[in-house]
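J.: Just so you know, the protein sequences line up as chains A and B, in that order.
Its first residue numbered 1, the first sequence is counted upward by one per residue in the UniProt record's numbering.
Its first residue numbered 1, the second sequence is counted upward by one per residue in the UniProt record's numbering.
Dropping a structure here in structure tokens format, bear with me for questions.
2 protein chains.
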Amino acid sequence: MNEADTQWMSLALEIAERGAGYVSPNPMVGCVIVSAEGEKIGQGIHERYGQAHAEKNAVDSVSNSELLDGATVYVTLEPCAHHGNTPPCCELLAELPIDRVVVAMEDPTPKVAGKGIQYLRNHNIEVEVGVLKEEAEKLNEFFLHHQRWGRPFVTLKIAQTLDGYIAAPDGDSEWISGQHSRSLVHEWRSRYDAVMVGRNTTLLDNPRLTVRHVEGRQPKRIVIDGPLELPDELNLFTDQYEEKTIVLTHNQKKYREEADPMLNMLKSDYFRGTTLLVDEKDGHTDLGDALKELGKLPVTSVLVEAGQSLASALLRENLVDKVECFIAPKMLGGGARSVLGVGINHMSEIMEFREVEWKQVGDDLLFSGYF
Amino acid sequence: MNEADTQWMSLALEIAERGAGYVSPNPMVGCVIVSAEGEKIGQGIHERYGQAHAEKNAVDSVSNSELLDGATVYVTLEPCAHHGNTPPCCELLAELPIDRVVVAMEDPTPKVAGKGIQYLRNHNIEVEVGVLKEEAEKLNEFFLHHQRWGRPFVTLKIAQTLDGYIAAPDGDSEWISGQHSRSLVHEWRSRYDAVMVGRNTTLLDNPRLTVRHVEGRQPKRIVIDGPLELPDELNLFTDQYEEKTIVLTHNQKKYREEADPMLNMLKSDYFRGTTLLVDEKDGHTDLGDALKELGKLPVTSVLVEAGQSLASALLRENLVDKVECFIAPKMLGGGARSVLGVGINHMSEIMEFREVEWKQVGDDLLFSGYF
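Next comes the structure, spelled out in structure tokens:
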């Protein structure tokens with residue numbers, strides 16, 4: 001690994017991120033091509049799911065193909081080795097007069113898993129693997145988590161007062177965090193596959209969970225409605241993004257009577273979203289099973305914007321991977337708590353975060369930490 | 001105001017702070033003397049209550065008194081004009097062959113209040129007032145608060161988890177914050193006149209409230225014990241700093257039977273601290289009256305290290321001036337909350353902080369804000 005390699009890979013990672021939200025369930029990938037003289041001659045990213053891969057876009061961007069002679073290709077993920085929506089990138093690269101391919105990390109997908117790298121080496125191209133590997137893994141943490149565990153990466157978002165309250169005693173929760181914080185949440189919504197809420201929040205706030213304050217892709221919207229009794233007229237079931245709504249229920253009877261896809265379609269004004277039947281656990285929706293079912297769709301990442309009840313249940317079941325908590329410089333001294341009832345009794349069981357970051361966002365502070 | 005003035009006053013403020021804790025109930029004062037040629041020829045601070053003032057120490061530090069000819073004296077507070085423990089500083093300065101005195105702020109004490117400045121001007125010394133005034137006011141915010149309101153400046157210290165808990169459900173509160181945070185609290189103890197706790201914390205934790213992890217002056221220790229029923233053997237009533245303990249009660253009967261200073265002295269093993277009788281309000285100790293009585297002692301500043309009950313009561317009564325809140329990167333999801341029950345019902349009543357600061361302390365975050 002040399003300084004130039006790190007620099008070009010860093011650029012490839014930076015541009016890759018522009019595909020956030022749009023390429024899922026694929027990983028974000030960036031590619032930079034550098035001539036034998038050390039000049040950048042092309043770059044490209046995977047822009048949208050189902051469209052061309054980063055390598056193809058980068059190669060197409062090279063205006064003078066003579067410069068490819070002896071060039072180096074930097075790519076943030078191992079070039080694919082299988083025929084999917086596009087032909088294998090390793091074959092595309094092997095046909096070029098390039099000398100060297102630098103790869104940040106292997107693709108863990110079983111269909112690739114080293115085969116792309118092997119293919120290039122078999123065609124006499126020098127391949128270096130592992131340049132900015134950690135950064136590349138961070139960039140695609142949702143994808144990697146989903147690949148490994150079969151369920152989505154779950155981030156719990158909290159917006160609370162200094163003393164840990166998310167609503168005043170009268171139930172009002174608008175607005176504890178400031179405008180900058182709320183805009184940032186909209187940006188996150190555009191990067192996560194889905195936003196999740198529980199019954200109470202859906203009933204109380206009738207949220208839309210759309211991306212509004214910023215440009216970006218609209219997310220899927222997941223409602224945990226165990227008894228399947230939320231009223232039909234709520235925003236999530238009627239607005240222009242109705243098809244992006246996924247309802248999770250454990251009520252077998254109601255699901256079979258009303259929400260089974262076949263029955264649902266027969267109705268005059270049927271729900272155009274998805275209803276999934278998942279397991280029940282102690283009278284509640286089994287959240288572990290819910291995430292497993294979401295993983296199969298596939299949903300690779302979920303931003304939970306729930307209230308106390310669902311947030312605490314997810315924490316209790318160890319299903320939260322990351323917490324993003326806005327702390328407003330205010331105190332309520334009462335009302336709904338951000339988290340209550342996770343089954344901890346002794347100090348020795350305290351949940352500790354790792355990779356903690358604190359950041360000022362407007363007047364608020366943003367805490368980020370992983371479990 | 002010129003750059004040199006700001007620079008020398010800044011030094012005077014910096015050295016003044018070394019008297020923190022030791023000079024109370026006097027303000028901290030620093031003094032720097034600069035020759036006509038612009039060289040520093042002396043400096044001094046008010047080091048301990050009852051000892052020499054900053055001006056006297058600064059003048060005494062000048063080795064060659066000829067250099068005083070045409071010199072400028074920088075002092076963070078108006079020189080005193082009255083005979084207290086020491087002769088008036090304005091007279092001391094007026095006798096010197098100096099040209100100019102630069103003062104950061106007037107002394108609001110009725111006995112001074114501009115008289116020191118007037119005295120100097122009457123003796124043909126040029127006086128400039130207001131250089132780094134805000135910084136000087138900040139330095140002595142405890143003193144100024146006490147001068148103005150007659151009660152101590154009250155800082156509420158909280159050490160909580162991200163989700164706002166100060167103890168696990170089983171009652172254990174050791175240790176939520178880290179070692180760095182705890183050391184910083186000991187430093188604060190040495191700067192505040194007194195540390196305050198309630199009945200519950202005193203019974204549960206049997207605290208000492210002394211300065212241990214750092215060098216510094218030991219504070220007074222205030223216990224709010226409304227019914228006057230705490231056991232005699234607790235650390236605060238028996239350790240080597242027993243005389244620094246102040247118990248506040250509203251139980252007139254018990255106070256007259258047991259704790260009145262005259263009766264107390266007759267006992268074989270009498271309590272060498274102070275017991276104060278204060279008003280009752282709705283069956284509890286009237287905290288406003290308690291602070292008024294403390295102000296008379298005088299106690300100019302109180303660091304409250306209380307649990308949920310006393311902390312919330314002080315907030316409810318609007319008696320907290322500043323909050324210092326350590327947030328540990330941990331979650332408990334249950335247990336005692338930092339604040340509960342301050343009488344807020346609607347979002348419009350939310351308590352907002354001003355002059356907010358966020359600071360990393362070890363692994364914890366420290367929030368500071370004023371009401």
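Glycine included, C-beta positions come from ideal geometry on N, C-alpha and C.
Just to make sure I have the definition right: I need the residues of chain B whose C-beta is within less than 7 Å of the C-beta of Leu332 (chain A). Which are they?
T.: Residue mapping note: residue 332 (chain A) aligns to position 332 of the first sequence, counting from 1. Within 7 Å Cβ-Cβ: Ile344 and Ile350.
J.: Can you name, in chain order, every residue of its own chain whose Cβ lies under 6 Å from the Cβ of Val211 (chain A), other than the five neighbours on each side?
T.: Taking the first residue of the first sequence as 1, we reach residue 211 (chain A) at position 211. These residues qualify, in order along the chain: His186, Arg189, Ser190 and Gln218.
J.: Considering only the beta carbon of each residue, do Phe367 (chain B) and Cys325 (chain B) sit closer than 7 Å?
T.: Here residue 367 (chain B) refers to the residue found at position 367 of the second sequence. Here residue 325 (chain B) refers to the residue found at position 325 of the second sequence. Yes; because the gap between Cβ atoms is below 7 Å, this pair is in contact.
J.: Identify each residue in the stretch 112-142 of chain B for which the Cβ-Cβ distance to at least one residue of chain A is less than 9 Å, and report them in chain order.
T.: Under the 9 Å Cβ criterion, the stretch 112-142 of chain B contributes no residue.
J.: The stretch 292-326 of chain A: which residues have C-beta closer than 7 Å to a C-beta of chain B, in chain order?
T.: Listed by position, the residues of the stretch 292-326 of chain A near chain B (Cβ gap below 7 Å) are Ser312, Leu315 and Cys325.
J.: Taking a cut of 9 Å between CB atoms, which residues from the stretch 152-166 of chain B lie near chain A?
T.: So the list reads Ile158, Gln160, Thr161, Leu162, Asp163, Gly164 and Tyr165, given in the order they occur along the chain.
J.: List the whole-angstrom C-beta distance separating His180 (chain B) from Val32 (chain B), where the pair is believed to meet the contact cut-off of C-beta under 8 Å.
T.: Locating residue 180 (chain B) in the second sequence gives position 180, where the first residue counts as 1. Locating residue 32 (chain B) in the second sequence gives position 32, where the first residue counts as 1. 33 Å between Cβ atoms; not a contact.
J.: So which residues of chain B does Ala168 (chain A) contact, with C-beta pairs closer than 9 Å?
T.: Taking the first sequence and counting its residues from 1, the one referred to as residue 168 (chain A) is at position 168. Ordered by position in chain B, the residues that pass the 9 Å Cβ test against Ala168 (chain A) are Ile344, Asn345, His346, Met347, Ser348, Glu349 and Ile350.
J.: Kindly indicate if chain B contains any beta-carbon less than 7 Å away from that of Asp205 (chain A).
T.: Along the first sequence, read from residue 1 onward, the residue named residue 205 (chain A) stands at position 205. Not one chain B Cβ lies under 7 Å of Asp205 (chain A).
J.: What residues in its chain sit with their C-beta under 6 Å from that of Glu355 (chain A), if we drop five residues either side in the sequence?
T.: Reading the first sequence from its first residue, position 355 is the one you call residue 355 (chain A). Answer for Glu355 (chain A): Tyr370, listed in chain order.
J.: Taking the beta carbon of Asp170 (chain B) as the centre, do at least 16 other beta carbons fall within 10 Å, making it buried, or is it exposed?
T.: Looking up residue 170 (chain B) in the second sequence gives position 170. Per the 10 Å Cβ criterion, exposed.
J.: What is the residue span of the beta strand (DSSP E) that Ala328 (chain B) lies within?
T.: Along the second sequence, one-based indexing puts residue 328 (chain B) at 328. Lys322 to Ala328 is the extent of the beta strand (DSSP E) around Ala328 (chain B).
J.: What are the boundary residues of the alpha helix (DSSP H) that includes Ser301 (chain A)?
T.: As a first step, residue 301 (chain A) is located in the first sequence; it is residue number 301 there, counting from the start. Not the alpha helix (DSSP H): Ser301 (chain A) falls in the beta strand (DSSP E), residues Ser301 to Val304.
J.: Tell me, please, which residues DSSP counts as bridged to Gly42 (chain A).
T.: The sequence position of residue 42 (chain A) within the first sequence is 42, counting from 1. The partner list for Gly42 (chain A) (beta bridge, DSSP) reads A:Ile33.
J.: Determine the extent of the beta strand (DSSP E) in which Ile117 (chain B) is found, giving its start and end residues.
T.: Position 117 of the second sequence, counting from 1, holds the residue named residue 117 (chain B). Where Ile117 (chain B) is concerned, there is no enclosing beta strand (DSSP E), although the alpha helix (DSSP H) it sits in stretches over Lys115 to Asn122.
J.: Helix, strand or coil for Asp363 (chain A)? Go by DSSP, reduced to three states.
T.: As a first step, residue 363 (chain A) must be located in the first sequence, where it is residue number 363. Residue state, collapsed to three classes: coil.
J.: To the nearest angstrom, report how far apart Lys157 (chain B) and Lys254 (chain A) are at their CA atoms.
T.: Residue numbering aside, residue 157 (chain B) sits at position 157 when the second sequence is read from its first letter. Residue numbering aside, residue 254 (chain A) sits at position 254 when the first sequence is read from its first letter. Approximately 52 Å, taken between the alpha carbons.
J.: Which residues does DSSP list as the beta-bridge partners of Tyr370 (chain B)?
T.: Within the second sequence, numbered from 1, the residue matching residue 370 (chain B) stands at position 370. Per DSSP, B:Lys322 and B:Arg354.
J.: Residues of the stretch 228-258 of chain A with a CB closer than 8 Å to any CB of chain B: list them in chain order, please.
T.: For the stretch 228-258 of chain A, which is checked against every Cβ of chain B, not one residue is closer than 8 Å.
J.: Leu162 (chain B) and Ile350 (chain B) - do their beta-carbons sit closer together than 7 Å?
T.: Here residue 350 (chain B) is taken as the residue at index 350 of the second sequence, counted from 1. Here residue 162 (chain B) is taken as the residue at index 162 of the second sequence, counted from 1. It is not a contact, given that the beta carbons lie outside the stated cut-off.
J.: At a Cβ threshold of 7 Å, is Asp364 (chain B) touching chain A?
T.: On the second sequence, position 364 is the one that residue 364 (chain B) refers to. No - not a single Cβ of chain A is within 7 Å of the one on Asp364 (chain B).
J.: On the CB-based measure, 16 or more other CB atoms within 10 Å of its CB, does Asn124 (chain A) come out buried or exposed?
T.: Your numbering for residue 124 (chain A) matches position 124 in the first sequence. Answer is exposed; the Cβ neighbour count stays below 16.
J.: Less than 7 Å between C-beta atoms, sequence neighbours within five positions excluded: which residues of the same chain meet that for His53 (chain B)?
T.: Sequence index remark: in the second sequence, residue 53 (chain B) carries index 53 (1-based). Here the set comprises Val29, His46, Cys80, Thr86 and Cys89.
J.: Could you check whether the Cβ of Gly341 (chain B) sits closer than 7 Å to any Cβ belonging to chain A?
T.: On the second sequence, residue 341 (chain B) is found 341 positions in, with the first residue counted as 1. Taking Cβ atoms only, chain A reaches closer than 7 Å to Gly341 (chain B), which makes this a yes.
J.: Would you please state the rounded distance, in angstroms, between the beta carbons of Ala336 (chain B) and Gly295 (chain B)? I believe it to be under 8 Å.
T.: Against the second sequence, residue 336 (chain B) aligns to sequence position 336. Against the second sequence, residue 295 (chain B) aligns to sequence position 295. That pair is no contact at about 30 Å.
J.: In whole angstroms, what separates the C-alpha of Glu229 (chain B) from that of Gly150 (chain B)?
T.: Within the second sequence, the letter at position 229 stands for residue 229 (chain B). Within the second sequence, the letter at position 150 stands for residue 150 (chain B). Going from the Cα of Glu229 (chain B) to the Cα of Gly150 (chain B) covers about 29 Å.
J.: Flag this pair as yes or no: are the beta carbons of Gly198 (chain B) and Ser309 (chain B) separated by less than 7 Å?
T.: Position 198 of the second sequence, counting from 1, holds the residue named residue 198 (chain B). Position 309 of the second sequence, counting from 1, holds the residue named residue 309 (chain B). Yes; because the gap between Cβ atoms is below 7 Å, this pair is in contact.
J.: Checking 7 Å against the spacing of the C-beta atoms, do Leu248 (chain A) and Asn206 (chain A) come in under that value?
T.: As a first step, residue 248 (chain A) is located in the first sequence; it is residue number 248 there, counting from the start. As a first step, residue 206 (chain A) is located in the first sequence; it is residue number 206 there, counting from the start. Taking 7 Å as the Cβ cut-off, Leu248 (chain A) and Asn206 (chain A) do not qualify as a contacting pair.
J.: If you draw a straight line from the alpha carbon of Leu144 (chain B) to that of Gly341 (chain B), how long is it in whole angstroms?
T.: Taking the second sequence and counting its residues from 1, one reaches residue 144 (chain B) at position 144. Taking the second sequence and counting its residues from 1, one reaches residue 341 (chain B) at position 341. Cα to Cα, Leu144 (chain B) sits roughly 30 Å from Gly341 (chain B).
J.: Please list, in chain order, the chain A residues whose beta carbon lies closer than 8 Å to that of residue 373 (chain B).
T.: Because chain B spans 1 through 371 in this model, residue 373 (chain B) falls outside it and cannot be assessed.
J.: Let's test the definition: count the other Cβ atoms within 10 Å of the Cβ of His146 (chain B) and tell me whether it reaches 16, buried, or not, exposed.
T.: As a working note, residue 146 (chain B) is residue 146 in the second sequence. So His146 (chain B) ends up on the buried side.
J.: Which residues mark the beginning and the end of the beta strand (DSSP E) in which Met196 (chain B) is found?
T.: As a first step, residue 196 (chain B) is located in the second sequence; it is residue number 196 there, counting from the start. It spans Ala194 to Gly198 - the beta strand (DSSP E) in which Met196 (chain B) sits, taken as one unbroken run.
J.: If contact is defined by three or more beta carbon pairs under 8 Å, each pair taking one atom from either stretch, is the stretch 7-21 of chain B in contact with the stretch 100-112 of chain B?
T.: Flag = yes, the stretch 100-112 of chain B and the stretch 7-21 of chain B touch.
J.: Among residues of its own chain, excluding the 5 on either side of Gly19 (chain B), which ones have a beta-carbon nearer than 7 Å to its beta-carbon?
T.: Here residue 19 (chain B) refers to the residue found at position 19 when the second sequence is read from its first residue. Only Met28, Ile45, His46 and Glu47 meet the Cβ criterion.
J.: Leaving aside the five residues before and after Gly178 (chain A) along the sequence, list all residues of the same chain whose C-beta is less than 6 Å from its C-beta, in chain order.
T.: Working through the first sequence from its first residue, we reach residue 178 (chain A) at position 178. Around Gly178 (chain A): Gly362, Asp363 and Asp364.
J.: Cα separation between Val34 (chain A) and Gly334 (chain A)?
T.: Start at 1 with the first residue of the first sequence, and residue 34 (chain A) comes out as number 34. Start at 1 with the first residue of the first sequence, and residue 334 (chain A) comes out as number 334. If you take the alpha carbons of Val34 (chain A) and Gly334 (chain A), they lie about 59 Å apart.
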